[in-house]
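Below is one structure; the comments refer to it alone.
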Amino acid sequence: WPVVGFSPRKTALSVYGVYDGYAPPDPLFEDLGPHTTGVGCLYLKRLDAVDLDVLETLVRNAWKRSGA
């Protein structure tokens, strides 16, 4: 199973692995920009509307948590 995955969808870019849906969300999500979450998914409607540095940090943190 991938540590972090991306899937372009018609309505949003789905990012898997940075949010598990059960634990409290990382405070960085507040600085990310417009997004929604589901159980295990982060949805971004417009990539150009989010802070890419924050997204990169979320991905790096997910990678570190996985022990990969």
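Going by the working numbering, the sequence shown opens with residue 8, and the numbers climb by one from there. No residue lacks a Cβ here, since even glycine has one placed at the ideal position from N, Cα and C.
Taking just the CA atoms, how far does residue j sit from residue i?
| i | j | result |
| --- | --- | --- |
| Thr18 | Lys52 | 7 Å |
| Val46 | Ser14 | 15 Å |
Along the beta strand (DSSP E) that carries residue i, what are the first and last residues, could you check?
| i | result |
| --- | --- |
| Thr44 | Thr43 to Gly45 |
| Pro15 | Gly12 to Pro15 |
| Tyr23 | Leu20 to Tyr23 |
Given residue i, which residues of its chain have a CB within under 7 Å of its CB, disregarding the five upstream and five downstream residues?
| i | result |
| --- | --- |
| Ala75 | Val10 |
| Leu35 | Val61, Thr64 and Leu65 |
| Gly12 | Tyr23 and Gly24 |
Excluding the 5 residues flanking residue i on each side, which residues of the same chain have their C-beta closer than 8 Å to its C-beta?
| i | result |
| --- | --- |
| Asp58 | Asp38, Leu39 and Gly40 |
| Cys48 | Ser21, Val22, Tyr23, Tyr26 and Gly28 |
| Ala56 | Gly40 and Pro41 |
Which one of the options has the shortest CA to CA distance from residue i?
| i | options | result |
| --- | --- | --- |
| Ser21 | Arg72, Asp33, His42 and Tyr29 | His42 |
At 4 residues or longer, what runs of the alpha helix (DSSP H) sit wholly inside the region 32 to 69? 36 to 39
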